[in-house]
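Presented below is the structure to which this report refers.
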Amino acid sequence: MNSIKVASYIESIEPYQGGLPIKEVARKLNIAEKNIIKLASNENPLGISPLAKKAITEALSEVQRYPDGNGFYLKDALSQKFNLNPDQLILGNGSNDILELVARTFLSVDDEAIYSEHAFAVYPLVVKSVGAIGREIPARNYQHDLDSFRGAITKKTKVIFIANPNNPTGTLIPKDQIQDFLNNVPSNIIVVLDEAYDEYLDEENKSIAFGWLTTYKNLIISRSFSKAYGLAGLRVGFGAGCNTLIELMNRIRQPFNVNFIAQQAAIASLHDEDFIRLSRKINNDGMNQIVLAFDSLGIKYIPSHGNFVSFKLEDETDAMLYYQHLLKNGIILRPIANYKLPEFLRVSVGLKEENDQFIKFLSNCKL
């Protein structure tokens, strides 16, 4: 094995670690799956749209066929919903696939990419995987510091990643600040606006970035069907940008990267606005339930615009004690030390009864 040469930038990468699966916790802790509550991965506790379930069932009869590699019908549905042309869209095996395609298309060895401290862990992973250099900008109050982003731009800067809302902090950058940033970024630098949690925002805060694509030819927007739409297990997301950038990304996109069932479920999900409205209401109610409990218990937290909230314990040791206590009682949270927040845990908003159980065992641990 020592004779096999591996690129030095690959050796330095640590694999992405997601939230623990329910089956793994059941197996390792000998807890019945029905007694486990997963609040670790920002999934939709309602599941998926009834329309998506119907589409999945109907799609099963065609899984022996390869899917449409270009995703014509899903792109058509997306273009109608967001007033885009199909050639402005690219489909991904989850939105992380879009992020990787950006890195592989627009970054070379020793190029630089900018992203924030406490931002999505996939950004440094995809940047390093192509031999580029990541420039992590210190956060300001757990939020992207766009002024410092601008100050960090060099001749080597090729890509900038902005998550809005950000995971795991849940912070939101106002639309006017993002547009001001775009107005002041050199046009040869790709700006990726990661909007995986936009469906959870109220109308006042919802993104209008699709309307900016005609103005900012260097802007790429990534979206996910894994969060509010609930299709995390099917892996489907999409990117939007000017057709020139999208065409370049499509050159290296793997064929059939989004399976047939995922495409059909995504199309159906786009047509179920009632499900998204209900998901948003359940999330708002659950968020209020959780933060009121934090306030009552004297636990500090970062106000969140997503379907999750990160809360602060005394230190990393204390955070892991809480994590293990909750885990032993069948409640899976997410430690976020890998986001440079070692004294924090992140909890996804669940159904009312799931939140009740979390609050109950959290209170016991607090006592």
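Start counting the sequence shown at 1; every next residue gets the next number (UniProt numbering).
Note that the Cβ used here is the ideal one computed from N, Cα and C, for glycine as well.
No experiment lies behind these values; they were computed from the predicted model shown.
- If you pair each beta-carbon of the region 100-107 with each one of the region 298-313, do three or more pairs fall below 8 Å? Segment contact: the region 100-107 against the region 298-313, fewer than three CB-CB distances shorter than 8 Å; contact not assigned.
- Query: In whole angstroms, what separates the C-alpha of I48 from that of N307?
  - Reply: For I48 and N307, the distance between alpha carbons rounds to 15 Å.
- Message: Based on DSSP bridge pairs, tell me the residues matched to residue 408.
- Response: A question about residue 408 goes unanswered here, because the residues of the chain that appear run from 1 up to 367.
- Going by alpha carbons, who is nearest to L248 out of L321, Q324, L101? Distances from the CA of L248 to each of L321, Q324, L101 were compared; the closest alpha carbon is that of L101.
- P335 versus L362 - alpha carbon distance: Taking the straight line joining both Cα atoms gives about 15 Å.
- Message: Please state the DSSP three-state secondary structure of Y197.
- Response: Coil at Y197, not helix or strand.
- Item | 4 or more residues per run - each alpha helix (DSSP H) lying fully within the region 205-263 | The region 205-263 contains these whole alpha helix (DSSP H) runs: 243-252.
- Where T312 and A337 are concerned, what is the direct C-alpha to C-alpha distance, given to the nearest angstrom? Thr is not the amino acid found at residue 312; the sequence shown has Lys there. So the alpha carbons of these two residues sit roughly 12 Å apart.
- Task: Give the DSSP bridge partners of S310, in chain order.
- Result: Answer is R346.
- Message: I need the straight-line Cα distance from F181 to N70, nearest angstrom please.
- Response: Approximately 33 Å, taken between the alpha carbons.
- Task: Could you tell me whether the region 337-346 touches the region 259-273, using the rule of 3 or more Cβ pairs below 8 Å?
- Result: Cβ pair count under 8 Å is below three, so no.
- Query: How far does the beta strand (DSSP E) with I162 in it reach, from first residue to last?
  - Reply: First-last of the beta strand (DSSP E) with I162: 157-163.
- Task: Name the residue from L99, V6, I22, Y66 whose alpha carbon lies nearest to the alpha carbon of I252.
- Result: A check of alpha carbon separations from I252 across L99, V6, I22, Y66 identifies L99 as the nearest.
- Message: Could you pull the DSSP bridge partners for I332 from this structure?
- Response: I332 pairs with K38.
- Ends of the alpha helix (DSSP H) at G19? Neither: G19 is in no alpha helix (DSSP H) and is coded neither H nor E.
- Query: Looking only at DSSP bridge pairs, what is G92 linked to?
  - Reply: In the DSSP output, where bridge partners are listed per residue, G92 has G237.
- Task: Taking the CB atoms as reference points, tell me whether S187 and F149 lie closer together than 9 Å.
- Result: It is not a contact, given that the beta carbons lie outside the stated cut-off.
- State the start and end residues of the unbroken alpha helix (DSSP H) segment that holds Q179. Counting along the chain, the alpha helix (DSSP H) containing Q179 begins and ends at 175-184.
- Message: For the pair the region 214-228 and the region 82-100, tell me if three or more CB-CB distances fall below 8 Å.
- Response: With a cut-off of 8 Å, the region 82-100 and the region 214-228 count as touching, because enough Cβ pairs lie within range.
- Query: For Y123, which residues does DSSP report across the bridge?
  - Reply: None, per the DSSP bridge assignment.
- Report yes if the CB atom of D198 is closer than 9 Å to the CB atom of N164, and no otherwise. For D198 and N164, yes; Cβs fall inside 9 Å.
- Item | When K158, P138, Y142 are compared against A132, the one with the closest alpha-carbon | Ranking the options by Cα distance to A132, first place goes to K158.
- Inspect the CB distances between the region 62-69 and the region 33-45 and report whether three or more fall short of 8 Å. Between the region 62-69 and the region 33-45, the count of Cβ pairs shorter than 8 Å is below three; the stretches do not touch.
- Message: Among T57, F82, A152, whose alpha-carbon lies nearest the alpha-carbon of F238?
- Response: Nearest of T57, F82, A152 to F238, Cα basis: F82.
- Near A293, what residues of its chain come up, given a Cβ to Cβ distance below 6 Å and the 5 sequence neighbours on each side ignored? Hits under 6 Å: I359.
- Message: Taking a contact to mean a Cβ-Cβ separation below 9 Å, would you say K128 touches I4 in this structure?
- Response: Not closer than 9 Å, so no.
- Task: Since I believe A113 is in contact with F72 (beta carbons under 8 Å), could you give me their beta-carbon distance rounded to a whole number of angstroms?
- Result: Between A113 and F72 the Cβ distance is about 32 Å, and since that is not below 8 Å, they are no contact.
- Nearest candidate by alpha-carbon position, reference F260, set F120, P67, K155, T154: Closest in alpha carbon position to F260, among F120, P67, K155, T154, is P67.
- Query: Under the rule that 16 or more other beta-carbon atoms within 10 Å means buried, what is Q143, buried or exposed?
  - Reply: Of the other Cβ atoms in all chains shown, 16 or more fall within 10 Å of the Cβ of Q143; this residue is therefore buried.
- Item | Residues near V122 in its chain [Cβ-Cβ closer than 6 Å; skip 5 each side] | For V122, where only same-chain residues beyond five positions count, the Cβ hits under 6 Å are N96, L99.
- Express the C-alpha separation of A232 and R27 in angstroms, rounding to a whole number. Going by C-alpha positions, R27 is about 22 Å away from A232.
- Tell me whether the beta-carbon of A119 lies closer than 9 Å to the beta-carbon of N184. It is not a contact, given that the beta carbons lie outside the stated cut-off.
- What is the C-beta distance between I37 and G241, in whole angstroms, given that I count them as a contact (C-beta under 8 Å)? 38 Å between Cβ atoms; not a contact.
- Query: How would you label V6, buried or exposed, when you count the other beta carbons within 10 angstroms and need 16 or more for buried?
  - Reply: That one is exposed.
- Three-state class that DSSP yields for K300 in the structure shown: DSSP places K300 within a strand segment (E or B) once states are collapsed to three.
- Message: With distance defined between alpha-carbon atoms, name the residue in E353, N364, Q357, D318 nearest to L345.
- Response: Checked all of E353, N364, Q357, D318; the closest Cα to L345 is D318.
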